[in-house]
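Residue numbers (the numbering used here): 1315 to 1463.
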């Protein structure tokens, strides 16, 4: 992430925590007052990347929104959002996703730090998981399937 983008993200988070921001235009004006000029498209992407959600009380981070139940761990959330199919092949596990879903799913798999995973490779709609053995792949597959249920 570029230094400019990191700084802009920090300013956006500071603004929404300091005051109620009703819409993107108001946020854009507040950023402009700080000499940060952004387009609506850039601001929209920033809001998505920061997981900010518009509520009646202004923008909030997804982590501070009231939840009906405990939040899912990142891997369970990513599997629920992106996983379409699991295809085993010897010591390999192929995870199919919608277009652009492979990168976030692979990052979540890596973040889970499963001992069975030797490595992951992500394309646009496919994650390839390499395990050291067929037995390790079977164990990992069971864990993934349990998280999806």
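Cβ atoms here follow ideal geometry from the backbone N, Cα and C, with glycine treated the same way.
Residue i to residue j span [Cα, whole Å]
{"i": "residue 1331", "j": "residue 1453", "result": "43 Å"}
{"i": "residue 1335", "j": "residue 1325", "result": "13 Å"}
{"i": "residue 1460", "j": "residue 1346", "result": "48 Å"}
{"i": "residue 1418", "j": "residue 1389", "result": "10 Å"}
{"i": "residue 1434", "j": "residue 1409", "result": "10 Å"}
{"i": "residue 1436", "j": "residue 1442", "result": "6 Å"}
{"i": "residue 1413", "j": "residue 1333", "result": "36 Å"}
{"i": "residue 1463", "j": "residue 1344", "result": "44 Å"}
{"i": "residue 1329", "j": "residue 1316", "result": "20 Å"}
{"i": "residue 1431", "j": "residue 1367", "result": "34 Å"}
{"i": "residue 1402", "j": "residue 1411", "result": "15 Å"}
{"i": "residue 1420", "j": "residue 1395", "result": "13 Å"}
Range of the contiguous beta strand (DSSP E) that encloses residue i
{"i": "residue 1399", "result": "1399-1403"}
{"i": "residue 1410", "result": "1406-1410"}
CA nearest to the CA of residue i, picked from the options
{"i": "residue 1365", "options": "1406, 1398, 1323", "result": "1323"}
{"i": "residue 1320", "options": "1351, 1360, 1370", "result": "1360"}
{"i": "residue 1342", "options": "1317, 1407, 1373, 1419", "result": "1373"}
{"i": "residue 1362", "options": "1371, 1329, 1375", "result": "1375"}
{"i": "residue 1406", "options": "1339, 1445, 1338, 1318", "result": "1445"}
{"i": "residue 1416", "options": "1392, 1426, 1429", "result": "1392"}
{"i": "residue 1349", "options": "1421, 1318, 1458", "result": "1318"}
{"i": "residue 1404", "options": "1337, 1448, 1340", "result": "1448"}
{"i": "residue 1371", "options": "1337, 1397, 1353, 1401", "result": "1337"}
{"i": "residue 1400", "options": "1427, 1425, 1455", "result": "1455"}
Three-state secondary structure assigned by DSSP to residue i
{"i": "residue 1350", "result": "coil"}
{"i": "residue 1450", "result": "helix"}
{"i": "residue 1436", "result": "strand"}
{"i": "residue 1444", "result": "strand"}
{"i": "residue 1291", "result": "It is not possible to answer for residue 1291, since the shown part of the chain is limited to 1315 through 1463."}
{"i": "residue 1356", "result": "helix"}
{"i": "residue 1457", "result": "helix"}
Residue i - containing alpha helix (DSSP H), residue span
{"i": "residue 1415", "result": "Note, residue 1415: premise wrong, no alpha helix (DSSP H); not H, not E."}
{"i": "residue 1322", "result": "1317-1332"}
{"i": "residue 1336", "result": "It is not in any alpha helix (DSSP H) - residue 1336 carries neither H nor E in the DSSP assignment."}
{"i": "residue 1396", "result": "1388-1396"}
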